[in-house]
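Remarks on the structure that follows.
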Amino acid sequence: MGHVDTGKTKLLDKIRRTNVQEGEAGGITQQIGATFFPDIALQEQTKKVDPNFDLEVPGIMVIDTPGHESFNNLRKRGSSLCDLAILVIDIMHGLEPQTVESLELLKKRKCPFVIALNKIDVCYQNSKTYTCVREALDRQEQFVRDEFRQRYDKVVLQLNELGLNVALYWENDDYRRNISIVPTSALTGEGVPDLLYMLLYLAQTLMASKLEVEEELQCTVIEVKTIEGLGTTIDVILVNGTLREGDQIVLAGMDGPIVTTIRALLTPQPMKEMRVKNEYVHHAMINQSMGVKICAPGLDQAVAGTELQVVGPDDDLEELKDRTTWTTSSTASSTALRSRPRACTSRPARWARWRPSCASCRTDMKIPVFDVGIGEVFKKDVKKAMIMKEKKHPEYAVMLCFDVKVNREAMEQAKTDGVQIFTADIIYHLFDKFTAYMEKHKE
Ligand code: GTP
Ligand code: MG
Ligand code: NA
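In full-length UniProt numbering, the protein residues as written are 1 to 443.
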């Protein structure tokens, strides 16, 4: 977790030896990501820090979250799924608004975490890839080390002011009381072995019992995606429990609960990001924390951000369906949206993403919202926006569409009716377009 552009995705890229970050629209993360790191890959790094470190876990799943302020709900969801967090701070910027927000989330959940103080290469003179950070620091000239220390002290002070005790991880003499700081560079990989070492050390020493697999299913839908050849699939994060091919599952749908049967369970290759289209590995059964793509019929209306349930032999299907419905309505809180002054109709992509954008429209951008929706934009949506034309503020006949398809019929209807449609795949571009439009209108 952490503020936008502190280097969360880049750090993962460095561990994976991938290049996901550069493929992101606008260079910002706008979804939850997931990557599984198997023990062999971890061992390669941890042995640099401590050759005798005994790796006991089969691997770790790392969840990547967006830092942009609009995606507060994804940060919440990401942090609610994890046992241990990495808070990334940019050494040049220190604490920023979403750093503080993340700290509050972690505190509320009592979630243990380490701090990656990232971008140390900016102070450095000579770098060597994937080396341990103490070695990297020792390699620097005195004035570089002084600059590092000065910036480090500043961040420590800011953290102290929030009531947090922190220490460089190798100077930390009480892991339960002090939060460890690991200086890192996602550019050179310096400190990356230390970061993994620290995570695994804490996991194995402080929270071993918490990491045992529990039987009760905990599985959250994070994305609904159409994949060529597979149809509509859902990406889930399996935290606890077991998923099997052929399992009957229940999950929230836009028009009510969906009951279907798992046709295929796919995961990305180890060390590959779930968000990126890759070759998939097929599984008959998964009982390990993992990002999983589920193929099943009838997933078109599935809603991201909700829980998935498996129907067991003793379960009452109707009861499970009821539980799902409840989840849906509680996530939607549509009455709150609809009771606001009526104006613009926005219909961004996924549940997981339209909610923050909508909340952000109303509170930060002061854009009044008439209605919200998920998925492809149809003619009927344009007709709804048209209603504004008959009101006091016809200029609000606008649709803000985030990362979603607007079909041709809808486009034509909008042209005929004079409804403005703004689309964007980077969330803040949508706000920029709307603001520019309103300014022009005022003129
Ligand atoms: P969001 O997901 O949008 O919140 O951002 P993020 O925290 O994932 O940051 P990201 O990985 O997108 O990196 C942001 C920018 O910082 C990119 O241009 C990176 O190349 C750069 N960057 C990240 N880590 C480092 C680092 O350690 N050193 C330097 N010099 N640049 C870095
Ligand atoms: Mg990112
Ligand atoms: Na970024």
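Heads up, the beta-carbon is just placed ideally off N, CA and C, and yes, glycines get one too.
From a predicted model like this one, the values you see are computed outputs, not experimental measurements.
Return the CA-CA distance between residue i and residue j, expressed in angstroms with no decimal places.
{"i": "V224", "j": "L187", "result": "32 Å"}
{"i": "L320", "j": "K119", "result": "47 Å"}
{"i": "M438", "j": "E395", "result": "8 Å"}
{"i": "C219", "j": "S80", "result": "12 Å"}
{"i": "D315", "j": "Q288", "result": "23 Å"}
{"i": "G78", "j": "K389", "result": "40 Å"}
{"i": "K154", "j": "D90", "result": "12 Å"}
{"i": "A41", "j": "V377", "result": "43 Å"}
{"i": "A203", "j": "K415", "result": "57 Å"}
{"i": "residue 445", "j": "A264", "result": "No information on residue 445 is available, as it lies outside the stretch 1 to 443 that the chain covers here."}
{"i": "V310", "j": "G246", "result": "10 Å"}
{"i": "L137", "j": "D194", "result": "13 Å"}
{"i": "R151", "j": "I222", "result": "37 Å"}
{"i": "L11", "j": "I181", "result": "15 Å"}
{"i": "V259", "j": "I286", "result": "20 Å"}
{"i": "L266", "j": "Y169", "result": "37 Å"}
{"i": "R176", "j": "Q269", "result": "35 Å"}
{"i": "F113", "j": "M207", "result": "12 Å"}
{"i": "I367", "j": "A385", "result": "14 Å"}
{"i": "D13", "j": "V20", "result": "6 Å"}
{"i": "E161", "j": "V4", "result": "22 Å"}
{"i": "T328", "j": "L299", "result": "With a pLDDT of only 40 at T328, under the threshold of 50, the placement of this residue in the model should not be trusted, and no figure is reported."}
{"i": "T232", "j": "C295", "result": "7 Å"}
{"i": "E443", "j": "A397", "result": "18 Å"}
{"i": "G7", "j": "P97", "result": "15 Å"}
{"i": "G94", "j": "T29", "result": "20 Å"}
{"i": "L230", "j": "I426", "result": "26 Å"}
Within 10 angstroms of its Cβ, does residue i collect 16 or more other Cβ (buried), or is it exposed?
{"i": "F434", "result": "buried"}
{"i": "H441", "result": "exposed"}
{"i": "T129", "result": "exposed"}
{"i": "Q142", "result": "exposed"}
{"i": "E215", "result": "exposed"}
{"i": "M92", "result": "exposed"}
{"i": "H257", "result": "First, the amino acid is wrong: residue 257 is Pro here, not His. When all chains shown are included, P257 counts as buried."}
{"i": "Q125", "result": "exposed"}
{"i": "G312", "result": "exposed"}
{"i": "K272", "result": "buried"}
{"i": "R350", "result": "Low confidence applies to R350: its pLDDT is 35, below 50, so where it sits in the model is not reliable, and the reading given next is rough at best. By the neighbour-count rule (16 or more Cβ atoms within 10 Å), R350 is buried."}
{"i": "D173", "result": "exposed"}
{"i": "E56", "result": "exposed"}
{"i": "A25", "result": "exposed"}
{"i": "T306", "result": "buried"}
{"i": "H282", "result": "exposed"}
{"i": "A85", "result": "buried"}
{"i": "R149", "result": "exposed"}
{"i": "P51", "result": "exposed"}
{"i": "A410", "result": "buried"}
Return the residue from the list the options that minimises the CA-CA distance to residue i.
{"i": "D121", "options": "H68, E147, W170 and E245", "result": "E147"}
{"i": "K379", "options": "E412, K391 and V398", "result": "E412"}
{"i": "R109", "options": "D83, E273, V310 and I40", "result": "D83"}
{"i": "G2", "options": "K47, T416, L117 and E22", "result": "L117"}
{"i": "A304", "options": "G253, V276 and C295", "result": "G253"}
{"i": "N240", "options": "V292, I234, L195 and G231", "result": "V292"}
{"i": "R275", "options": "C401, D138, G23 and L11", "result": "G23"}
{"i": "D371", "options": "T35, M399 and E101", "result": "M399"}
{"i": "Y428", "options": "N19, G27, G7 and V88", "result": "G27"}
{"i": "residue 447", "options": "G163, L196, E318 and T242", "result": "No answer is possible for residue 447: the residues shown for the chain start at 1 and end at 443."}
{"i": "P38", "options": "E161, M61 and T29", "result": "M61"}
{"i": "R16", "options": "E409, F36 and T6", "result": "F36"}
{"i": "T226", "options": "I32, K405 and D417", "result": "K405"}
{"i": "V100", "options": "N72, C123 and S127", "result": "N72"}
{"i": "I32", "options": "R145, V213, I63 and A410", "result": "I63"}
{"i": "T184", "options": "L106, I115 and A410", "result": "I115"}
{"i": "L106", "options": "C132, R75, E135 and E171", "result": "R75"}
Any heavy atom of the ligand SAH within a distance shorter than 7 Å of the CB on residue i?
{"i": "T29", "result": "With respect to the ligand SAH, the structure offers nothing, as its ligand set consists of the ligand GTP, the ligand MG and the ligand NA."}
Which partner residues of residue i appear in the DSSP bridge assignment?
{"i": "A433", "result": "Note on residue identity: the sequence assigns Lys, not Ala, to residue 433. Paired residues: none, contrary to the question."}
{"i": "M285", "result": "R244"}
{"i": "Y280", "result": "P268"}
{"i": "M290", "result": "L238"}
{"i": "L42", "result": "BP columns for L42 are empty, so no partner."}
{"i": "N52", "result": "DSSP, once it has assigned bridges, lists no residue as partnering N52."}
{"i": "C295", "result": "T233 and A264"}
{"i": "Q309", "result": "V250"}
{"i": "S127", "result": "Partner(s): none; S127 has no beta bridge."}
{"i": "M438", "result": "Partner(s): none; M438 has no beta bridge."}
{"i": "L117", "result": "I89 and P183"}
{"i": "L168", "result": "I181"}
Hey, does residue i have any beta-carbon neighbour from chain B nearer than 8 Å?
{"i": "A296", "result": "Looking at the structure shown, chain B is missing, and only one protein chain is on hand."}
Length at least 3, wholly inside the region 353–431: the beta strand (DSSP E) runs in chain order: 369–372, 398–402 and 420–424
Those runs of the beta strand (DSSP E) which lie wholly inside the region 182–229 and span at least 3 residues: 218–227
Completely contained beta strand (DSSP E) runs for the region 67–107, where each covers 3 or more residues: Counting whole runs of 3 or more residues, the region 67–107 contains the beta strand (DSSP E) stretches 85–90.
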